[in-house]
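Using this note's numbering, you'd call the opening residue of the sequence shown number 27 and step up by one each time.
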Amino acid sequence: MVHSLYIPPCLSTPNHHHHPPPVHKSLRIQIEGPLVSIQKLLPNVPWHVDVCNPIFPQPAARKLAELTYRALHGNNALPDMESHLVVRDEYLGWIHHKNEIDYYGVTFDNNVPSDEYFPEVLQINILEIEADEGEYANEYLPFTIDPADYIGKNILAVPRCCQKRKGSTDRKRVNGLVAERDVIRLGMDRDVIMKLLVGHGVYSTKIPEKRFDIVPRPPTGQAPKE
27 MVHSLYIPPC LSTPNHHHHP PPVHKSLRIQ IEGPLVSIQK LLPNVPWHVD
77 VCNPIFPQPA ARKLAELTYR ALHGNNALPD MESHLVVRDE YLGWIHHKNE
127 IDYYGVTFDN NVPSDEYFPE VLQINILEIE ADEGEYANEY LPFTIDPADY
177 IGKNILAVPR CCQKRKGSTD RKRVNGLVAE RDVIRLGMDR DVIMKLLVGH
227 GVYSTKIPEK RFDIVPRPPT GQAPKE
């Protein structure tokens, strides 16, 4: 049975500015959770998991991004969302000593300009309810859930603002992983390395222009005194 992705209303007063975000806002979104939960959302989507021959992106990446977008925006979702969403990275949680995964996440951009390397980030975590009848969720979330609302029909996904964890490193971590993915995809040239530094928060601005190919000599032609 296909389940629905459910993101509950924000607990904060007023609502956190990313829960939900304005539909046209430039935002990088990461959603991740147990593979068993994601398979309930996308039961007919194949998985190509080979640690020796990884592919990017998985067939589920785009579909999970679209489900997340719709769950966030509801009736406000843009009809042409396909033109606004770009898959940037994904995470596969490999089982030790096995060619299998048990955890999956996708990072996608919504209206993020191509030259923006350190956008704001929304982190969303999927929680598996059926396996333990909500025990984990009720222990680690700041609110109580009724397993009957989810078992057999809904998959719970909770933005960071409604979790106990604060997520102070989310922006640096997610943007850094996207930058690393770009390094793999594009190769190690200067601009890509700078982009990686921006993504990891070493720089929080756009890539600066290169001004000198070599370090200029002092005006006297001699090395400066220490």
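Glycine included, every Cβ here is placed at the ideal spot set by N, Cα and C. From a predicted model like this one, the values you see are computed outputs, not experimental measurements.
Asked                                                                                                                                                                                        : Found
Spatial neighbours of residue 179 within its chain, please: CB distance less than 7 Å, with the 5 preceding and 5 following residues excluded, ordered by chain position.                    : 29 and 30
When you compare only the Cα positions, how much space is there between residue 27 and residue 139?                                                                                          : 38 Å
Apart from the five residues on each side of it in sequence, which residues of its chain come closer than 8 Å, Cβ to Cβ, to residue 183?                                                     : 31, 32, 33, 57, 59, 94, 97, 150, 151, 152 and 153
Helix, strand or coil, according to DSSP, for residue 149 in the structure here?                                                                                                             : strand
How many whole angstroms separate the CB atoms of residue 177 and residue 67, which I take to be in contact at a CB cut-off of 8 Å?                                                          : With 8 Å as the limit, residue 177 and residue 67 do not qualify as a contact, their Cβ atoms being about 14 Å apart.
How would you call residue 133, buried or exposed, if buried means at least 16 neighbouring beta carbons within 10 angstroms?                                                                : buried
Where do the ends of the beta strand (DSSP E) carrying residue 56 lie?                                                                                                                       : 53 to 60
At which residues does the beta strand (DSSP E) containing residue 119 begin and terminate?                                                                                                  : 111 to 120
Please work out which residues of its chain come closer than 6 Å, Cβ to Cβ, to residue 193, disregarding the five sequence neighbours upstream and downstream, and give them in chain order. : 149 and 186
By a C-beta neighbour count over all protein chains shown, 10 Å radius and 16 as the cutoff for buried, is residue 160 buried or exposed?                                                    : buried
In chain order, what residues of the same chain have a beta carbon less than 8 Å from the beta carbon of residue 238, not counting five sequence neighbours either side?                     : Bear in mind that the predicted position of residue 238 carries a pLDDT of just 44, short of 50, making it too unreliable to give a figure here.
Any beta carbon from chain C within less than 8 Å of residue 169's own beta carbon?                                                                                                          : Checking the listed chains, one finds no chain C in this structure; it contains a single protein chain.
With residue 143 as the anchor, note down where its alpha helix (DSSP H) starts and where it stops.                                                                                          : No alpha helix (DSSP H) holds residue 143; DSSP gives it neither H nor E.
For the alpha helix (DSSP H) that residue 94 lies in, which residues bound it at each end?                                                                                                   : 85 to 99
Can residue 90 and residue 64 be called in contact, C-beta distance under 8 Å?                                                                                                               : yes
Name the DSSP bridge partner or partners of residue 134?                                                                                                                                     : 55 and 113
In whole angstroms, what is the alpha-carbon distance linking residue 100 and residue 107?                                                                                                   : 12 Å
List the DSSP bridge partners of residue 7.                                                                                                                                                  : Outside the displayed range of the chain (27 to 252) lies residue 7, so it cannot be described from this structure.
Please report the straight-line C-alpha distance between residue 41 and residue 54, rounded to a whole angstrom.                                                                             : 19 Å
Thinking C-beta only, is residue 207 closer than 8 Å to residue 114?                                                                                                                         : yes
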